[in-house]
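Going by the numbering used here, the sequence shown opens with residue 1, and the numbers climb by one from there.
Note that the Cβ used here is the ideal one computed from N, Cα and C, for glycine as well.
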Amino acid sequence: MAREQFTQRPFYVGTDGDGAAHYWSSYAQAILVIDGDGDTERFELADLPIDTLGQWCEHVRNEREWATEPRVGGSLVGDLVRGIEA
């Protein structure tokens with residue numbers, strides 16, 4: 001469903017405390033939120049009072065919290081180390 005909203009494949013960011021999945025399109029500079037009923041809401045970064053995806057993640061953390069830690073930032077090496085330690 002998220003793929004239908006963007007011309008490029010969106011990146012899964014995480015699931016918030018309300019069960020909504022968040023997707024990011026760097027090409028469209030937009031965030032797509034899909035709730036448990038399949039309803040979607042698209043947020044254009046240019047229309048928001050924030051400037052980055054990291055700020056969006058912080059906003060969600062403050063408003064709804066994250067059920068899964070957002071997949072933003074970090075590095076491949078850091079991800080591998082965390083995976084091995086888990």
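Proximity winner among Arg64, Glu65, Ala20, Glu63, relative to Asp35 (alpha-carbon distances): With distances taken between Cα atoms, Asp35 lies closest to Ala20.
Ser26, buried or exposed, once every other Cβ within 10 Å from all chains shown has been counted against 16: Burial call: exposed.
Residues that DSSP places opposite Trp24 in a beta bridge: Per DSSP, the beta bridge partners of Trp24 are Phe11, Ile31.
Where Arg61 falls: helix, strand or coil (DSSP): When secondary structure is reduced to three states using DSSP, Arg61 falls in the helix class.
Ala67 versus Thr52: straight-line alpha-carbon distance, rounded: Counting only the Cα atoms, Thr52 lies some 21 Å from Ala67.
CB contact flag (Glu44, Ala30, <8 Å): Going by C-beta atoms, Glu44 is nearer than 8 Å to Ala30.
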